[in-house]
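Worksheet: one structure, shown below.
Protein chains in written order, with the working numbering: chain Z, 15 to 528; chain Y, 242 to 536.
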């Protein structure tokens, strides 16, 4: 007769059985959940579950503006043009366009028989309405980009004539997804409603929208290029925190997300596909030369020489970014090689300039206003501290108001660029450019240089050199110190095919899931 | 009461932890081996002889930042407790004596403050008045004050209805004298428990707010801020959140232990508990002798 096991042994056996009883159903449940999530990404349901760190606040394209959110609004809205992998304007709602002989009028010929998702026809009147609204709506974020537009008329149902204030061959690039996403005029009659119930003629239709949190969309069967859209539905989700995105991708909660550079290696380790979408990102230090101590050009130069751009790249981009001292990364058509490295990192020279300007070490104290805690600001602070400038960082949730009102002295900004290089340059260096903190200051000769670019057709042989000359003039500005280009970094499930390498855009044409 | 708290093992442990944390708050920035704001090229390095807890995403010494960050947390939690004490205790005592109108108004006010979510309110106030730990903690202190109001009011009520207080009133004693002489003594132990508990809550609130980036301007180090920044680099340093989490937990645990110890030793029950523990320890100490003597 075997001896009865001791009490601890019986307890151990009991707890082991209990553990197994609990673990088996748990494993079954997780296996089912796993297979479910795999089915949603690989089983052909063709649902895109996109976690975004910049969920649109506004869905009215006129109010949303040209920032990074345009990529999400492009799910719903189409524009007259779009850009291809080389950044050239190609047809979208407009099948073609033609300038007059003097370049101060352009006619867009629309595709026939298109409708918005509410059934309203996409015609010349709708396009005119969209342009007029962008110019006149009180809370328009893009009216400043439309200074070349004098008026819009229609000819028949499908021809839109845009009359310009000057010769400007940039219009096809300007009227792309960044600036002129076109909403249904019927829906836009109430901009407030449109802002939360978007209606466009893009590849998808919004079926439900929880402001700031989630949007659910389905494929638009009436989209002009619907045959090339292979995604049936989209769940656009506001990513709760950058640190949780990779876990969400791993578990199938999302299958596509923008990620920070610090998460890239975690995403790769998790077996996700990590890729950099080409773009025009550039970060800068914005200086107000109308306010002391930057009224002294030697102080501005001291800041320029104090900045070690490579430190930003090394510490913040994990090898994915690149240094730049221009409002776009090197390699872009507008990047001026002659202006590269105009102000190399030289802290000794920076100190000399401060001394020459009459400032003793640590005599200058600046407040660096930023919208949220940002390692960029901490690097700027430490680099300027090294040359004897004290920087106090101030996180201000209402930062946008004083920044765009040009009330700040010292701040940071990062742009995702524009399809039209002229738009990028005027935004930064123009007298009323939204990113020029020193309004109405502009570098000498900038207006003339920009006018020359506008007058140069995009396909002209000398276009690149004329554009780079304008960049060169713009970089004489003392109001901006460019630091580095951050990457457009994305992680996706391997079940999603590669996206078109369309610079600065997220284009779902031809993309398959499963 | 202090001697009785020290008579308990948990009391000694709690005081030990809190004295250690207080010393960190006072001496931490001086003891830090490196400049807590000084960045280096060595980012996200693991623990080493030079950097005991490694370096963060900008190459700063994590141990030095942990030491330097203790002050903001301690000062913030002390502020919460003191504001709650001042705002809650005095009206709590007076609500018993200053008539029905004052009683009704103060009770409704306390009910209202309890209903407000203090973390959300603190965020709103910093958005309104500027990002600072002082204003955030002041608001939290006011919102936590109903705890002190209720504790002090309950204790005062029990004293006010006792026969010796009635006798004092009949003898012509003033309300102020009664509060000072009789009510305050009875209220004090309960307040001490609430104070220790509130300091623990204060640590959690300070850590939560600084985790969210509220209350301090970067790059000032805080325990909550260290935790928040570590989360973005878990793939490189999965152990990084352990150190700030441990100091936060230990501090809150110390406060709660102290609150428990004060509760255990205060009042008649507390005395009885301490005496019974003493008696039991005496018995245990005496047992071997009894065994020896029985042989």
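Ideal placement from N, C-alpha and C gives every residue a C-beta, glycine not left out.
Min CB distance residue i to chain Z below 8 Å
| i | result |
| --- | --- |
| residue 472 of chain Y | yes |
| residue 255 of chain Y | no |
| residue 536 of chain Y | Annotation note: pLDDT 40 at residue 536 of chain Y (below 50); position unreliable, no value reported. |
| residue 479 of chain Y | no |
| residue 492 of chain Y | no |
| residue 458 of chain Y | yes |
| residue 372 of chain Y | yes |
| residue 451 of chain Y | no |
| residue 360 of chain Y | no |
| residue 284 of chain Y | yes |
| residue 413 of chain Y | no |
| residue 476 of chain Y | yes |
Any chain Y beta carbon closer than 8 Å to residue i
| i | result |
| --- | --- |
| residue 290 of chain Z | no |
| residue 506 of chain Z | no |
| residue 393 of chain Z | yes |
| residue 48 of chain Z | Residue confidence is low: residue 48 of chain Z scores 39 on pLDDT, short of 50, so the model does not pin down where it sits. Its coordinate-derived value is still stated next. Judged by the 8 Å Cβ criterion, residue 48 of chain Z is not in contact with chain Y. |
| residue 71 of chain Z | no |
| residue 423 of chain Z | no |
| residue 256 of chain Z | yes |
| residue 597 of chain Z | Shown here, chain Z extends from 15 to 528; a query on residue 597 of chain Z therefore has no answer. |
| residue 40 of chain Z | Any reading at residue 40 of chain Z is ruled out, since the residue's pLDDT is 46, under 50, leaving its predicted position unreliable. |
| residue 274 of chain Z | yes |
| residue 501 of chain Z | no |
| residue 287 of chain Z | no |
| residue 283 of chain Z | yes |
| residue 387 of chain Z | yes |
| residue 466 of chain Z | no |
Buried or exposed (CB count within 10 angstroms, at least 16 for buried), residue i
| i | result |
| --- | --- |
| residue 432 of chain Z | buried |
| residue 4 of chain Z | This structure leaves residue 4 of chain Z out entirely; chain Z is present only between 15 and 528. |
| residue 264 of chain Y | exposed |
| residue 490 of chain Y | exposed |
| residue 506 of chain Y | buried |
| residue 424 of chain Y | buried |
| residue 270 of chain Z | buried |
| residue 165 of chain Z | exposed |
| residue 247 of chain Y | exposed |
| residue 219 of chain Z | buried |
| residue 301 of chain Y | buried |
| residue 521 of chain Y | exposed |
| residue 407 of chain Y | exposed |
| residue 343 of chain Z | buried |
| residue 405 of chain Y | exposed |
| residue 342 of chain Y | exposed |
| residue 48 of chain Z | Annotation note: pLDDT 39 at residue 48 of chain Z (below 50); position unreliable, no value reported. |
| residue 254 of chain Z | exposed |
Identified DSSP bridge partners for residue i
| i | result |
| --- | --- |
| residue 62 of chain Z | Z:248 |
| residue 111 of chain Z | Z:122 |
| residue 505 of chain Z | Z:271 and Z:288 |
| residue 105 of chain Z | Z:95 |
| residue 383 of chain Z | Z:408 and Z:425 |
| residue 302 of chain Y | Y:296 |
| residue 233 of chain Z | Z:218 |
| residue 241 of chain Z | Beta-bridge pairing links residue 241 of chain Z to no other residue. |
| residue 128 of chain Z | Partner(s): none; residue 128 of chain Z has no beta bridge. |
| residue 135 of chain Z | Z:129 |
Candidates the options: closest to residue i by CA position
| i | options | result |
| --- | --- | --- |
| residue 426 of chain Y | Y:396, Y:435 and Y:453 | Y:396 |
| residue 188 of chain Z | Z:441, Z:526, Z:475 and Z:501 | Z:441 |
| residue 160 of chain Z | Z:514, Z:256, Z:180 and Z:226 | Z:180 |
| residue 242 of chain Z | Z:523, Z:113 and Z:484 | Z:523 |
| residue 401 of chain Z | Z:376, Z:384, Z:88 and Z:407 | Z:376 |
| residue 205 of chain Z | Z:395, Z:158 and Z:74 | Z:74 |
| residue 143 of chain Z | Z:102, Z:371 and Z:198 | Z:198 |
| residue 274 of chain Y | Y:282, Y:304 and Y:420 | Y:304 |
| residue 240 of chain Z | Z:475, Z:129 and Z:163 | Z:129 |
| residue 520 of chain Z | Z:99, Z:162 and Z:268 | Z:99 |
| residue 310 of chain Z | Z:338, Z:280 and Z:367 | Z:367 |
| residue 389 of chain Y | Y:308, Y:482 and Y:351 | Y:351 |
| residue 231 of chain Z | Z:248, Z:493, Z:244 and Z:238 | Z:248 |
| residue 359 of chain Y | Y:382, Y:375, Y:454 and Y:272 | Y:382 |
Within the region 422–501 of chain Z, ranges of the alpha helix (DSSP H) (whole runs, at least 4 residues):
435–443, 460–468 and 477–488, all fully within the region 422–501 of chain Z.
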